[in-house]
Every structure is written in C-alpha cells, then in structure tokens.
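Novice:
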Amino acid sequence: MSGVPALKLPLLGAVLALLAAGWFGWMGWLTASSENAAAQAGLARAQLAETLMAKVQAERSRLDAVRERIALTTALRRGDRVAAEQVVNSGWEGLEVVEWHDVGLDAAYADAAKFGYGKLGLLEEALDQNGAVAAVILDGGGPRFALAAPVSDAGRVLTLVYLRMPLETLTAPINQHDPGPGYYALRLGRHNVVEIGDTGLSGAAEQGAVRVPGTTMRVVSTVPPPPSNLGAFPNFLLAALCLVVAFALLMLPRLKGLRLQRVATEEPAAVTAHEPTLAELAAQPPPEPAKPVARADTAPVVVRAMLDRGIFRAYDIRGIVGKTLDAETARLIGQAIGTVMHKQDAKTIVVGRDGRLSSPQMAAALIEGLQAAGRDVIDIGEAPTPVTYFAAYQLRAGSCVSVTGSHNPPDYNGFKIVVEGETLAGDAIQDLYERIAENKLHAARDPGLVTRRDVADDYVQRIAGDIQIERRLRVVIDCGNGIAGAIAPRLLTEIGADVEELYCEVDGTFPNHHPDPSEPDNLHDLIQVVKRTGADLGLAFDGDGDRLGVVTRDGEMIFPDRLLMLFAADVLERNPGACVIYDVKCTGHLAMHILRHGGSPLMWKTGHSLIKAKMRETEAELAGEMSGHFFFRERWYGFDDGIYAAARLLEILSSRPETPQEIFDTLPKGVSTPELKIPMAEEGAQYDFIDRFLSVAKFDGARIATIDGLRADWPDGWGLVRASNTTPVLVLRFDARDGDALERIKSAFREQLLAVDPELQLPF
C-alpha cells in the first residue's frame, strides 16, 4: 500500500533530527571545551611573558651590579682583564663566555660576519643605551642568551663587557610548562627561540602573541582548533532546534492519522494512459550508442604571426596597447600561464587590475585564456598590485596576475605574474613566449570557473590590526590618479593618520602628472600642498601602488635608499643579524648603516621579481630598491607594497618625539642625484648599449661591479649606468661625499658614455 511508506517518513525524519541534535550537542560541548582551553592558553601565555620579563630584568640588574664593583673598574684601569673576568665570574654560575671589547668595535667591524652580526648589534645597543641590555643571538654554534654593557669609571667608558649563557637560562620556564594538546613558543622575528607541544599548530600561534616587555621577543601559543566554526552557543541552539523538529515530526502521523487511514482503503488508481506497458517498452528499439569524444592535451591555437617578443621582459610582461599588446595576446598569455600552472598542479589563480582604460579588456581576455587552460579564477576587480599579491595569500590561491602598466604612460599595459608563490622573471617569462610561439598550450576539457571577490576590507583590516600609530601625523597623499587612490587614503586613516588627498581619484588617463614618484618633477604639486597645509609629510604612490615616494615639509625628497636605512634599523631591532637586500642603485652609506645596526647587507640586481627571488633564497627580512619598492618579510608577506611601506613608515615616525624632518636628518647623507634617464631609439637598444659599454669602459681607481649594468665605486663616491627593464632607457645615478667628488664622477661617466655613442643626449 502506498500509505505505509508515507507513515514511515515522519519517523525517519524524526530519527535524523534526533541524530542531528546529538551531533550539534556533541559539537557544542567540544567547541566549548576548545574555547575554554584557548582562554587558559591565553592566560598561560601572559604569565610566561611576565616570568621571562622578570628573568631578563634580573640578569640585567645582576650585570648592572657587577659593573659597579670597585674591584672590576680597578682591574680594568690596570688593564688586567683576567682579574676583571674573575670579578664577573665570582658568584655567577652558568656563564659560558666573558669577553671585553674596545668601545670603537674596530675589530668587530673589520669582519662583521665572522664576529657575529647579533653580537655586534647587542654591543652597539649597549653603547646607545649606556646600560645593560639582553637578547637571544646566534653565537657559539647556536642560539644563546647574551648580555652586554659598558663599564665606566668617572664618566668615561673603559670597555664593553659581553656575557654569554646557555639558552636554557632564559627559556627554562617555557621548557618546563605543560603544553597539553596545544603549542607554545618564544619567538624572535620569524624564528622560534624555543617551542614545545604540537608543532603542527605553529602557523596558527601568532594571533594574540604577547611581547616580553623590555625585549623584542614574544610568547605565542595556540590550541587545536574547535571542530566547528559556529561556536559553542550556536551549536547548542541548533541542537535544541533539531529536538523541536524531531518532536514535531513524531506528532505529525497522529495529526494525519484519519486521512492516511482513508487513503489506505482506496482502490489502486488505474495506470495512466501515458505510462508505457512492459510490452511497449520491450518493443522499443535500443538507444544508439554515444559517439566517442576525442580529448587532446593541446588544442590547435592560431598564434598571431606578429607576437612581439619584446613585451616579454626581464621580470614582467609589458607593451603598448594596440601596437604590441591586444586582447588576443592577453588571452594567449593567460592560456600560457594556465599551462605553467597545469604542469605544477596549481588550480586557482587571483586576477586583479589597475585603473587604466585598457585594463578591463586586458583582464577579461587574460581570464578567458586562464579558463581555457582549466584554471579557476578569482577576479578581485580593480585593485593595486600589492592587494592582488595579498589576495593570493589571503584566499590561499598561491598564484596571481596583476594587470597593470605600473608607472608607464597611459597607453601601456602588462602583467605581473606569480605562480605558486614564485614571481615569474627571466627565463620563466621567456618560457611563456616560447609556449605561445610553439603552440604548446594546455587546453582543458572543462573550462575553469570564475568567482568574484572583494578583498579591500581584508587588506585594510589585516594591516590596521597590526599597525596603529602612536601619535597623529598629518599626511598628504598623492596617488597620481592611480589605483592606489582607491585604498591608500582609507588605510592610512584607519591606522590613525590625518589624511589629505591629492589626485586620489582613479583616472586611467593620468590627467595631472605621470604616476612615477621616482621622478622629482612628479612630486612638485605634492611638495607645494605639504608646505601650504603645514602637513608633517607627503606620500606619493606609483600607478599600481607598489612603490612609495616621500617628501618633507621643507620640500626635501627623501630618496628610497635613505628610507631603507630607517626601515632596516627598525627591523634589525627585532631581528639582529638579519639579511637586508638593496639594489645596485642605492647609496654606499647603506651597507655601513645596516652593519652598524647589526644586520647583514647584500647588494643585488634591480627588479622586483629578482629581489623577491633573492629574498626567498637568503630568507632576508627586508629589501628595498632605489625605485621605491620595499619588501617586508617581517610581519608581512615579502612582496613589494608601497601602501604597506607607508604604514610602516608612519609607525616608525610616530614612535619618536622628533619631527619627520629631524628624524631624516639623522640618516647618513651625501651629495647625490635622483635617477637620471637617457631615452633610447627603440625597445631593446638599452641592452645593446650596455653590452658595448661593458666591453670598452675603463674607470681608473674604481671597484667595478657588473651584476646589473656597471657600477664604479671610489672611496669618495660611486656612479652607475644600467638598462631599464621596463622602458627603452638607460638609468644612471651618482652619489658622492661632496660636490667636487660628484662632479668628478659624473665627468668620468660622461666621457665613457659619449665614447660609446657620441649622439647620446645626457641629462647631466
């Protein structure tokens, strides 16, 4: 009878509802337990930080007491360091090393790598603080807890004392703590000083980190995530709702009993006319077999005969729309990128675009090509390049393309490409051209899907949740009508700045000035507005927001290599010994500044892709280019981000009582030129010129570096000429101790350049 199954349905539904109630109740209990464990871990984290602070303060106080002993200063005045060491060791167990260093630290600077960047930085800090300082550094073959302090007599510093102790001296409270199912660590920068518990939870431990007061270390912890993201109360609420549903379903048959009983006694309905009988079904001919569908890994693609190889550059793809770049080329590039992803089993990619008039068309064609290769695309719409990079991390895609012409004129456009966390450059860019030219493009049977997301709020909240400036600064922001105008004013307001906008309306024609902050002429309006309004600072961004320019109230353009000095000193406070990378266009003062702050300087080739690759290789915490690209791996993701760099700059400036101009005045400064550019006749001519220049140029008395163009360093200054990787120009820069040295170096380069091509129009 048809009514019998119908009677069972409410009962089955009630059983399922009861099971669901049990499930949600169980999830609620587990989630409540997890939330309680997380709260307990937070309390333990704070207690451990207080315990470690007390330990550090106790050891510093102990050293302060020792260096005040008359026996110590007496021994040091006599030059008897053996007796002085006995004074320090007296009653102080566990010391591995006691060292004495001259105040000038000349021996340390002579070979900083061998001496140890961390030790050098600690001794420098002791001099600056004129007191005992403590840190965890690499020394003696591994991490150690170390102290340093100046020893003075009658106001004169006699020497610096350095003490090294086993790491356990500091970390014992964490090692002795019971982590349960969770994870605890003491971190310095990106490095774990010590960790206990389930290391698989390490990546989620940073949220809620507690800084150990008086140090750059922090205690982090976490517990296994709850089994449900709903929270305990919503789970209990759903359990109650399921119980109500189960009760209602159990009551339903009782309410419908009479009607169901009548239905059960009715005669079965006749077979309707449209239902075929068994005989009719048997008489029908069998269906025709499906025709086989051919599959191919590569689809025939008509490659454009005039595909311009010149747009495939050193670290991105860039051309002139309507001449060397069009929608069909963009589609082929998208399919080539999708093919590379297919080879690496990468499925999802983020696509963002700048505000140029051609960008919607270029992005649509690129996405079409990516779909043809079977890749799923997350389209975030208009977004600065660093926001596109951020989305690749935030959405766990790992790959992204920013459709942007960067700082080039309005008729340019191009693509900055990341596949599985690696920015494509050099041979990888040329490989895309080869795949298109040779028709080696993957064609998927099923095209990829496209979803649309807006990550602007996530980007702002991620940065504002980490950076809040300590005092209000008034800043003028000039976005040059580039895409940074859509987010930079909002972000800097969120972190606590008073923002005045200049040319922040996104307009792909760039009606006011070229969006390139490395050109002084493009900063003229910004300087005037900063002066007129009395703002503390002026900030400028390029067309896609990955570069930063800075001007002061006095109208001074702060070159990016000097900004990098400020960033390096800040990062090295928390990461002594860290590698800091800078490009060949940066001042010679930068390396010594990094060394004096306990870092390891490394000069490398110009180019955002090349710098990022070197950062991955060296695990550098910070990098920067003279063009205004800044790359933070400490507290950020390691990609170039002018907007984030602006936030970090305001964080540093607001933490000090001096004006921004006074802070910048403390940085080493010579006499230098901005980037100078010599236009070439056609694309590629700049590379040919550099090849000829390298073969014939001679600079007497200079140390020559050819990692990127030619850089000649003399004791009192340096000069550089290199080929631009973005436009057909030669890029030059000169820096010297004084004006006379600068003119001498410029004259030497002038002579050598004109010897190769007498027709060059030199801008100096």
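Count along the sequence shown from 1, add 360, and you get the number used in my numbering.
Beta carbons: idealized from backbone N, C-alpha and C, even for Gly.
#1: Do you know how far the Cα of phenylalanine 991 is from the Cα of isoleucine 829?
#2: State the start and end residues of the unbroken beta strand (DSSP E) segment that holds valine 711.
#3: Could you tell me if aspartate 1068 is buried or exposed, where buried requires 16 or more neighbouring beta carbons within 10 angstroms of its beta carbon?
#4: When DSSP labels each residue in this structure, what does asparagine 396 get in the three-state scheme?
#5: Could you tell me the alpha carbon to alpha carbon distance between glutamate 1011 and glycine 1061, rounded to whole angstroms?
#6: With a Cβ-Cβ cutoff of 8 Å, do phenylalanine 1053 and alanine 1108 count as a contact?
#7: Give the secondary structure of glutamate 861 by DSSP, where H, G and I count as helix, E and B as strand, and everything else as coil.
#8: Report all residues from its chain with a CB closer than 8 Å to the CB of leucine 527; omit the five preceding and five following residues, and keep chain order.
#9: State the CB to CB distance for the pair leucine 730 and isoleucine 709, rounded to an integer number of angstroms; the pair is presumed to be in contact (CB under 8 Å).
#10: Is the beta carbon of phenylalanine 1049 less than 8 Å from the beta carbon of aspartate 1001?
#11: Using only the alpha-carbon positions, how far apart do alanine 374 and valine 815 sit?
#12: Tell me whether the beta-carbon of leucine 883 lies closer than 8 Å to the beta-carbon of valine 859.
#13: Look up cysteine 760 in the DSSP assignment and say whether it is helix, strand or coil.
#14: For methionine 611, does the count of other Cβ atoms within 10 angstroms reach 16, so buried, or fall short, so exposed?
#15: Do you know how far the Cα of alanine 1005 is from the Cα of threonine 748?
#16: Do glycine 1030 and glutamate 949 come within 8 Å of each other at the CB atom, strictly closer than that value?
#17: Which first and last residues belong to the alpha helix (DSSP H) in which proline 770 is found?
#18: Tell me which residues share the same chain as alanine 377 and place their Cβ nearer than 7 Å to its Cβ, disregarding the 5 neighbours each side in the sequence.
#19: Helix or strand or just coil, what does DSSP make of lysine 800?
#20: Comparing alpha-carbon positions, which option in Val463, Ala723, Asp787 and Glu728 lies nearest glycine 741?
#21: For serine 1014, name the three-state secondary structure that DSSP assigns.
#22: Report yes if the C-beta distance between alanine 733 and histidine 702 is below 8 Å; otherwise report no.
#23: Which residue or residues does DSSP assign as beta-bridge partners of phenylalanine 607?
#24: Taking contact to mean at least 3 C-beta pairs separated by less than 8 Å, is the region 878 to 896 in contact with the region 808 to 823?
#25: With burial defined as no fewer than 16 other Cβ atoms inside 10 Å of the residue's Cβ, what is the status of leucine 1113: buried or exposed?
#26: Take the Cβ of glutamate 1035 as the centre, count every other Cβ of all protein chains shown within 10 Å, and call the residue buried at 16 or more, exposed below.
#27: Could you compute how far the alpha carbon of proline 849 sits from the alpha carbon of aspartate 817?
#28: Provide the residue(s) that pair with tryptophan 460 in DSSP beta bridges, ordered along the chain.
#29: Kindly give me the distance between the Cβ atoms of glycine 898 and proline 875, rounded to whole angstroms, as I take these residues to be in contact under 8 Å.
#30: Check whether the Cβ atoms of threonine 745 and serine 762 lie closer than 8 Å to each other.
#31: Under a Cβ-count criterion, where at least 16 other Cβ atoms within 10 Å of its own Cβ denotes burial, should arginine 892 be classed as buried or exposed?
#32: Taking Cβ positions, are phenylalanine 1014 and leucine 833 nearer each other than 8 Å?
Specialist: Straight from the coordinates:
#1: For the purposes of this step, residue 829 is taken as residue 469 along the sequence shown, with counting starting at 1. For the purposes of this step, residue 991 is taken as residue 631 along the sequence shown, with counting starting at 1. Using only the alpha carbons, I get a separation of about 20 Å.
#2: As a first step, residue 711 is located in the sequence shown; it is residue number 351 there, counting from the start. First-last of the beta strand (DSSP E) with valine 711: 708 to 713.
#3: For the purposes of this step, residue 1068 is taken as the residue at position 708 of the sequence shown. Under this definition aspartate 1068 is a buried residue.
#4: For this step, residue 396 is matched to residue 36 along the sequence shown. Correct three-state label for asparagine 396: helix.
#5: For this step, residue 1011 is matched to residue 651 along the sequence shown. For this step, residue 1061 is matched to residue 701 along the sequence shown. Approximately 42 Å between the Cα atoms of the pair.
#6: Position 693 of the sequence shown, counted from the first residue, corresponds to residue 1053. Position 748 of the sequence shown, counted from the first residue, corresponds to residue 1108. No, Cβ-Cβ distance for phenylalanine 1053 and alanine 1108 is not below 8 Å.
#7: On the sequence shown, position 501 is the one that residue 861 refers to. In the structure shown, glutamate 861 sits in a strand (DSSP, three-state: E or B).
#8: By one-based count along the sequence shown, residue 527 stands at place 167. Cβ neighbours of leucine 527 beyond the five flanking positions: Val496, Gly502, Pro503, Arg504, Phe505, Val553 and Val554.
#9: Looking up residue 730 in the sequence shown gives position 370. Looking up residue 709 in the sequence shown gives position 349. Cβ atoms of leucine 730 and isoleucine 709 come within 8 Å of each other, at about 6 Å.
#10: Locating residue 1049 in the sequence shown gives position 689, where the first residue counts as 1. Locating residue 1001 in the sequence shown gives position 641, where the first residue counts as 1. Not a contact, by the Cβ cut-off of 8 Å.
#11: By 1-based counting over the sequence shown, the position of residue 374 is 14. By 1-based counting over the sequence shown, the position of residue 815 is 455. Computed Cα separation, rounded: 42 Å.
#12: Counting from one through the sequence shown, the residue named residue 883 turns up at place 523. Counting from one through the sequence shown, the residue named residue 859 turns up at place 499. No, they are not a contact pair.
#13: On the sequence shown, residue 760 is found 400 positions in, with the first residue counted as 1. Three-state DSSP puts cysteine 760 in a strand.
#14: As a first step, residue 611 is located in the sequence shown; it is residue number 251 there, counting from the start. Methionine 611 comes out exposed.
#15: Along the sequence shown, one-based indexing puts residue 748 at 388. Along the sequence shown, one-based indexing puts residue 1005 at 645. Going by C-alpha positions, threonine 748 is about 16 Å away from alanine 1005.
#16: The residue you call residue 949 lines up with position 589 of the sequence shown. The residue you call residue 1030 lines up with position 670 of the sequence shown. Sequence check: residue 949 is histidine here, not glutamate. A contact, by the Cβ cut-off of 8 Å.
#17: As a working mapping, residue 770 is identified with position 410 in the sequence shown. Element bounds for proline 770: n/a, residue is neither H nor E.
#18: In the sequence shown, the residue the question calls residue 377 occupies position 17. Closer than 7 Å at Cβ, skipping near neighbours: Cys602, Val605, Ala606 and Leu609.
#19: Translated into the one-based positions of the sequence shown, residue 800 becomes position 440. Coil at lysine 800, not helix or strand.
#20: The residue labelled residue 741 in the question sits at position 381 within the sequence shown. Ranking Val463, Ala723, Asp787 and Glu728 by Cα distance to glycine 741 puts Ala723 first.
#21: For the purposes of this step, residue 1014 is taken as the residue at position 654 of the sequence shown. Helix at serine 1014.
#22: As a working note, residue 733 is residue 373 in the sequence shown. As a working note, residue 702 is residue 342 in the sequence shown. Yes, the pair counts as a contact, with Cβ atoms nearer than the cut-off.
#23: In the sequence shown, the residue the question calls residue 607 occupies position 247. Answer is none; phenylalanine 607 lacks a bridge partner.
#24: no
#25: Against the sequence shown, residue 1113 aligns to sequence position 753. Flag for leucine 1113 reads buried.
#26: As a first step, residue 1035 must be located in the sequence shown, where it is residue number 675. Buried, because 16 or more other Cβ atoms sit within 10 Å of the Cβ of glutamate 1035.
#27: Indexing the sequence shown from 1 puts residue 849 at position 489. Indexing the sequence shown from 1 puts residue 817 at position 457. Rounded to the nearest angstrom, the two C-alpha atoms are 13 Å apart.
#28: Within the sequence shown, residue 460 is the residue found at index 100, counting from 1. According to DSSP, which records beta bridges pairwise, tryptophan 460 is partnered with Val521.
#29: Mapped onto the sequence shown, residue 898 falls at position 538. Mapped onto the sequence shown, residue 875 falls at position 515. Separation of the CB atoms of glycine 898 and proline 875 is rounded to 15 Å, and the pair is thereby denied contact status at 8 Å.
#30: By 1-based counting over the sequence shown, the position of residue 745 is 385. By 1-based counting over the sequence shown, the position of residue 762 is 402. For threonine 745 and serine 762, yes; Cβs fall inside 8 Å.
#31: What you label residue 892 is simply residue 532 of the sequence shown in a count that begins at 1. So arginine 892 counts as exposed.
#32: Start at 1 with the first residue of the sequence shown, and residue 1014 comes out as number 654. Start at 1 with the first residue of the sequence shown, and residue 833 comes out as number 473. A small correction: the amino acid at residue 1014 is serine; phenylalanine does not occupy that position in the sequence shown. At the C-beta level, serine 1014 and leucine 833 come within 8 Å of one another.
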